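Novice:
In our numbering, the protein residues as written are 2 to 528.
See below:
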């Protein structure tokens, strides 16, 4: 028997004794006053004499993180994930049943202590308990060590343990929540309406991406999980909702990396009678304000990211894609003169030619290979080639390019926006070009969306639209090196003998203890 199996066996024996004694190991409810962090917030400034005078009665729940016994006295540290509170137990001050219960406790158990606040001789805020109640028996021990590659994987697979053991992880998700609240408030204050659009689409659209396919049994219809909400949000512009946004989940059937997860969160917003230049200004204002909100005034202009100090001092740099490839990528103007010269420039630099080959696709390939990773401080790259921007308006002075920008910070694409194409005939032709690209092997190109073209034929006002990747934004704000650090439950490859695989093999239920388990059985922005 392994040490883990022995520990689980000991805990289950204690569970049996509790049940024999008629003590509920998993009661249905808990009446309490404050959790440990709130106790510190409300009473942490009081001195020992002040606490003694006030004799503050409290009922405090929490998970046991430390347990120490010295004869007839004992101490528990209970935590709510933010802060711990010490519980002081004295045998002759507790009912006999409560002391017996204490002797059955283990690290990780959830308990509620009732008593009065005090300070120990060492000055630690402490609850002197007069009652003790079990709220949930932990049948598995908490991990003792939490470092190293294998444990990092476990943190993602068992996020609940990560949240228990790693306060820094909890802080990341609290930061994420604050960021989303700020974005909502920012847009609401400027007259934007939050809306919801479908997550299952008859035609995947709004992004160049491979979709996930599902099937509606009643309609006998294949549907696609949303790769982007864009084409539905722009239908709302047609309908007269002229400032709309959605904080949405998107799904793209692609590989995973430190910057990509198949399921990710996006902000998309659309603003009638605006254009991509106005969106640049709005984006700079919103994200600059967001950094100030979550990091405070002192740190509002600097981000620490992968060992670099990124300056967020405004105004942020703005370059056309041509300028970026020339100035940062080191490609000469003569090399960018034509499709043939760019193809030769790519060949000399060992950059594979995209399929199909075009001026725009080659320029994009050069940009991605030579420029992207160097865009550390916030930089708007604008004037994207027409071939890679099928939903954006062309520049009236140079139809090879569109009124589109992407914002890069820390070498990552954070936002993607453009002046929206609202000419139904031009949009239909762009869709046909995308279909031709699919026929030539580009399986991420757009399908032809007749319903969307029909909506445009009713008249969509000129507008600017933008998508911002929430996950990548939180990575930057928190300094997290991987997108998995900012998604509570990231997609993971199943482990050999994974219990979820076993559950599927048993008709959806978890195998019983001891039962054998089977063996290994162009987007608004990217995630």
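Idealized CB from N, CA, C, for every residue including glycine.
Here the structure is a predicted model, which means the values were calculated and not measured.
Do residue 303 and residue 309 count as a contact pair if the criterion is CB distance below 8 Å?
Specialist: Their beta carbons are not under 8 Å apart, which means residue 309 does not touch residue 303 by this criterion.
Novice: Helix, strand or coil: how does DSSP classify residue 93 here?
Specialist: helix
Novice: Since residue 462 contacts residue 274 with CB under 8 Å, what's their CB separation in whole angstroms?
Specialist: At roughly 6 Å, the Cβ-Cβ gap stays under 8 Å, so residue 462 and residue 274 are in contact.
Novice: Which term fits residue 74, buried or exposed, when burial requires 16 or more other beta carbons within 10 angstroms of its beta carbon?
Specialist: Looking at its Cβ environment, which holds fewer than 16 other Cβ atoms inside 10 Å, residue 74 is exposed.
Novice: From which residue to which residue does the beta strand (DSSP E) around residue 417 run?
Specialist: For residue 417, the uninterrupted beta strand (DSSP E) segment begins and ends at 413-420.
Novice: Going by alpha carbons, who is nearest to residue 383 out of 416, 377 and 230?
Specialist: 416
Novice: What does a CB cutoff of less than 6 Å around residue 360 pick up in its chain, not counting 5 residues either side in sequence?
Specialist: 340
Novice: If you measure between the beta carbons of residue 142 and residue 111, is that distance less than 8 Å?
Specialist: no
Novice: Could you tell me which of 438, 20, 64 and 212 sits nearest to residue 165, measuring between CA atoms?
Specialist: 64
Novice: CB-CB under 6 Å to residue 41, same chain, minus the five flanking residues each way: which ones, in chain order?
Specialist: The residues are 84.
Novice: Against chain D, with Cβ distances strictly below 8 Å, would residue 397 count as a contact?
Specialist: Within the model displayed, chain D is absent; a lone protein chain is all it includes.
Novice: Which word fits residue 1, buried or exposed, when buried means at least 16 other C-beta atoms lie within 10 angstroms of its C-beta?
Specialist: The question about residue 1 has no answer here: the residues shown for the chain are numbered 2 through 528.
Novice: Is residue 469 near the ligand NAD, going by C-beta to nearest heavy atom under 7 Å?
Specialist: Among the components modelled here there is no ligand, and therefore nothing to report on the ligand NAD.
Novice: Give me the DSSP bridge partner(s) of residue 70.
Specialist: 75
Novice: Are residue 86 and residue 37 touching if we call contact CB-CB under 8 Å?
Specialist: yes
Novice: Excluding the five sequence neighbours on either side, which residues of its own chain have a C-beta within less than 6 Å of the C-beta of residue 249, listed in chain order?
Specialist: 230 and 267
Novice: Could you check the C-alpha separation between residue 23 and residue 233 for me, to the nearest Å?
Specialist: Distance between the alpha carbons of residue 23 and residue 233 is about 58 Å.
Novice: Is the number of C-beta pairs between the region 333-350 and the region 386-406 that are closer than 8 Å three or more?
Specialist: no
Novice: Sort 78, 139, 125 and 323 by Cα distance to residue 11 and report the nearest one.
Specialist: 139
Novice: Terminal residues of the continuous alpha helix (DSSP H) containing residue 10?
Specialist: 4-21
Novice: Tell me whether the beta-carbon of residue 228 lies closer than 8 Å to the beta-carbon of residue 262.
Specialist: The answer is no: Cβ separation not under 8 Å.
Novice: Helix, strand or coil for residue 211? Go by DSSP, reduced to three states.
Specialist: coil
Novice: For residue 407, count the other beta carbons within 10 Å of its own beta carbon; 16 or more makes it buried, fewer makes it exposed. Which is it?
Specialist: buried
Novice: Whose C-beta lies closer than 6 Å to the C-beta of residue 215 among residues of the same chain, with five residues either side of it excluded?
Specialist: 224
Novice: With distances taken Cα to Cα, identify the nearest neighbour of residue 48 among 59, 375, 118 and 33.
Specialist: 118
Novice: Candidates 57, 476 and 181: which alpha carbon is nearest residue 120's?
Specialist: Among 57, 476 and 181, the Cα nearest to that of residue 120 belongs to 57.
Novice: Within the region 240-325, note down every full alpha helix (DSSP H) run reaching 4 residues or more, in order along the chain.
Specialist: As far as the region 240-325 is concerned, its whole alpha helix (DSSP H) runs of at least 4 residues are 277-296.
Novice: In chain order, what residues of the same chain lie with their CB nearer than 7 Å to the CB of residue 147, ignoring the 5 residues before and after it?
Specialist: Below a pLDDT of 50, predicted positions are generally treated as unreliable, and residue 147, at 47, falls in that range; the measurement from the model is reported next regardless. If we look at residue 147 and ignore the five residues flanking it on each side, its Cβ neighbours are 166 and 167.
Novice: Count the other CB atoms within 10 Å of the CB of residue 312; is the residue buried (16 or more) or exposed (fewer)?
Specialist: exposed
Novice: Rounded to whole angstroms, what is the Cα-Cα separation between residue 456 and residue 213?
Specialist: For residue 456 and residue 213, the distance between alpha carbons rounds to 25 Å.
Novice: For residue 354 and residue 344, which I take to be in contact (beta-carbon distance under 8 Å), what is that distance rounded to the nearest angstrom?
Specialist: Residue 354 to residue 344, Cβ: 6 Å. Contact.
Novice: Starting from the C-beta of residue 196, find all residues in its chain whose C-beta is less than 6 Å away, skip the five residues before and the five after it, and write them out in chain order.
Specialist: 245 and 247
Novice: Taking only the alpha-carbon atoms, compute the straight-line gap between residue 429 and residue 451 and give it to the nearest angstrom.
Specialist: 8 Å
Novice: Does DSSP put residue 432 in a helix, a strand or coil?
Specialist: helix
Novice: Measuring alpha carbon to alpha carbon, tell me which residue in 209, 459, 296 and 70 is nearest residue 254.
Specialist: 209
Novice: Nearest-angstrom Cα distance between residue 18 and residue 477?
Specialist: 50 Å
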